[in-house]
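Engineer: First the structure, which I've put down as structure tokens, then a few questions once you've had a look.
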Amino acid sequence: MKKAILFGASGFIGSCLLHDLLENKDYEQVSVVVRKTLGLKHPKLKELTGDYHTLNVLKGKIEADEIFLALGTTRAKTPDSGQYYEIDHDYPVAAAKMAREAGAGSVFVVTAVGANANSGIFYTRTKGETERDIIALNFERTGIFRPSMIMGERKESRRFEKILIKVWGFINPLLIGNSLKKYRGIVGQDVATAMMNAAKNQKEKVKIFHWEEMTGLLKVDRVGSS
């Protein structure tokens, strides 16, 4: 049985992933690093209190075969570019480095469609640099998940995002062909399930998952549970 550590458990994808990991019989322990308690009780769950600025305190407390990274923020929440970069790049890279040093062999991280370290757009460049620097840590397996619009009901109310999700619901069927499929919206729960299934099925050292690859992993889950 495996041990996993999850960063971003209080977020949309992270909360779905936490539930899936706790209910998966392949895992004996699921650690989460959170700023405040989730208020969740489960025999497999191990809560570690911390954030980017206190990450070093957790050295020696991290036990994991796999690390899952679902960290991120928005421009609305974090308008300052320096703070945004810290959350979207520095924190996941530092967390991955610490887990690697603690013996984790696999990392699975959520970035975004279009991620490119050479992009002239701050958002996609940041995601691309995060991917680049995590790959450089040389895990045995690195799974990179690049969703476009993330669909589904969130705990927090984001009016503009709700409008975008409705729009995406109409245009999704129009996004056909290899060049456009990757821009299809995907439900947050499906991203989480794809990440967990990649941990079981990924053979490649580095694998990038867009919409088609992620939805393909959902089929793997259905076949495996039938």
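Going by our numbering, the sequence shown opens with residue 359, and the numbers climb by one from there. Backbone N, C-alpha and C fix where the C-beta goes; we use that ideal spot for every residue, glycine too.
#1: Applying the criterion that 16 or more other CB atoms from any shown protein chain within 10 Å of the CB defines a buried residue, is L429 buried or exposed?
#2: List the DSSP bridge partners of T407.
#3: Specify, as a first and last residue, the run of the beta strand (DSSP E) that L538 falls within.
#4: Let's see if you can read the secondary structure: which residues bound the alpha helix (DSSP H) around L413?
#5: May I have a chain-ordered list of the alpha helix (DSSP H) segments no shorter than 4 residues that lie completely inside the stretch 424 to 478?
#6: Could you check how far apart the C-beta atoms of V390 and L416 are, in whole angstroms? I think they sit under 8 Å.
#7: Which value, in whole angstroms, describes the spacing of the CA atoms of Y549 and R542?
#8: Express the C-alpha separation of L379 and A556 in angstroms, rounding to a whole number.
#9: Check Q547 in the structure and name its three-state DSSP category.
#10: Write down the C-beta distance between Y385 and K360 rounded to the nearest angstrom, noting that I regard them as a contact closer than 8 Å.
#11: Under a Cβ-count criterion, where at least 16 other Cβ atoms within 10 Å of its own Cβ denotes burial, should T484 be classed as buried or exposed?
#12: Taking 8 Å as the threshold (C-beta atoms), are T500 and V564 in contact?
#13: Between the beta-carbon of L396 and the beta-carbon of A362, is there less than 8 Å?
#14: What is the DSSP secondary structure of L495, counted as helix, strand or coil?
#15: What is the DSSP secondary structure of G366, counted as helix, strand or coil?
#16: Output needed for V392: all residues of its chain with C-beta closer than 7 Å, excluding positions within five of it in sequence on either side, in chain order.
#17: Contact check, K540 vs V471 under 8 Å by CB: the rounded distance?
#18: Does I371 come out as helix, strand or coil in the three-state DSSP assignment?
#19: Could you give the first and the last residue of the continuous beta strand (DSSP E) run that contains I566?
#20: In whole angstroms, give me the CA-to-CA distance for H411 and L375.
#21: Secondary structure at G501, three-state DSSP: helix, strand or coil?
#22: Between D409 and W569, what straight-line distance do the alpha-carbon atoms span, to the nearest angstrom?
#23: Going by alpha carbons, who is nearest to A457 out of S477, Q441, F497 and S439?
Structural biologist: Checking against the coordinates, here is how it stands:
#1: Start at 1 with the first residue of the sequence shown, and residue 429 comes out as number 71. It is buried - the Cβ of L429 has at least 16 other Cβ atoms within 10 Å.
#2: Along the sequence shown, one-based indexing puts residue 407 at 49. DSSP output for T407 lists V392 as bridge partner(s).
#3: Position 180 of the sequence shown holds residue 538. Careful: L538 lies outside any beta strand (DSSP E) and carries neither H nor E.
#4: Numbered from its first residue, the sequence shown carries residue 413 at position 55. No alpha helix (DSSP H) contains L413, which DSSP labels as neither H nor E.
#5: 439 to 443 and 449 to 459
#6: Position 32 of the sequence shown, counting from 1, holds the residue named residue 390. Position 58 of the sequence shown, counting from 1, holds the residue named residue 416. V390 to L416, Cβ: 11 Å. No contact.
#7: To locate residue 549, count along the sequence shown from 1; it is residue 191. To locate residue 542, count along the sequence shown from 1; it is residue 184. According to the sequence as given, residue 549 is Val; it is not Tyr. One C-alpha to the other measures close to 12 Å.
#8: On the sequence shown, residue 556 is found 198 positions in, with the first residue counted as 1. On the sequence shown, residue 379 is found 21 positions in, with the first residue counted as 1. C-alpha separation (whole angstroms): 12 Å.
#9: Translated into the one-based positions of the sequence shown, residue 547 becomes position 189. Helix, per DSSP.
#10: Counted from its first residue, the sequence shown places residue 385 at position 27. Counted from its first residue, the sequence shown places residue 360 at position 2. With 8 Å as the limit, Y385 and K360 qualify as a contact, their Cβ atoms being about 5 Å apart.
#11: The residue you call residue 484 lines up with position 126 of the sequence shown. For T484, the number of other beta carbons within 10 angstroms of its own is at least 16, and it is reported as buried.
#12: Position 206 of the sequence shown, counted from the first residue, corresponds to residue 564. Position 142 of the sequence shown, counted from the first residue, corresponds to residue 500. Yes. Within cutoff.
#13: The residue you call residue 396 lines up with position 38 of the sequence shown. The residue you call residue 362 lines up with position 4 of the sequence shown. No.
#14: Counting from 1 along the sequence shown, the entry for residue 495 is found at position 137. In the structure shown, L495 sits in coil (DSSP, three-state: anything other than H, G, I, E or B).
#15: Position 8 of the sequence shown, counted from the start, is the residue given in the question as residue 366. DSSP places G366 in coil when its eight states are reduced to three.
#16: If you number the sequence shown from 1, residue 392 lands on position 34. Closer than 7 Å at Cβ, skipping near neighbours: A367, S368, E405 and T407.
#17: As a working mapping, residue 540 is identified with position 182 in the sequence shown. As a working mapping, residue 471 is identified with position 113 in the sequence shown. Confirmed, Cβ separation roughly 5 Å.
#18: Residue mapping note: residue 371 aligns to position 13 of the sequence shown, counting from 1. I371 falls in the helix class under three-state DSSP.
#19: Within the sequence shown, the letter at position 208 stands for residue 566. V564 to F567 is the extent of the beta strand (DSSP E) around I566.
#20: Against the sequence shown, residue 411 aligns to sequence position 53. Against the sequence shown, residue 375 aligns to sequence position 17. Cα-Cα distance, rounded: 24 Å.
#21: Position 143 of the sequence shown, counting from 1, holds the residue named residue 501. G501 falls in the strand class under three-state DSSP.
#22: On the sequence shown, position 51 is the one that residue 409 refers to. On the sequence shown, position 211 is the one that residue 569 refers to. If I take the Cα positions, the gap works out to 30 Å.
#23: In the sequence shown, residue 457 corresponds to position 99, counting from 1. Minimum Cα distance to A457 is reached at F497.
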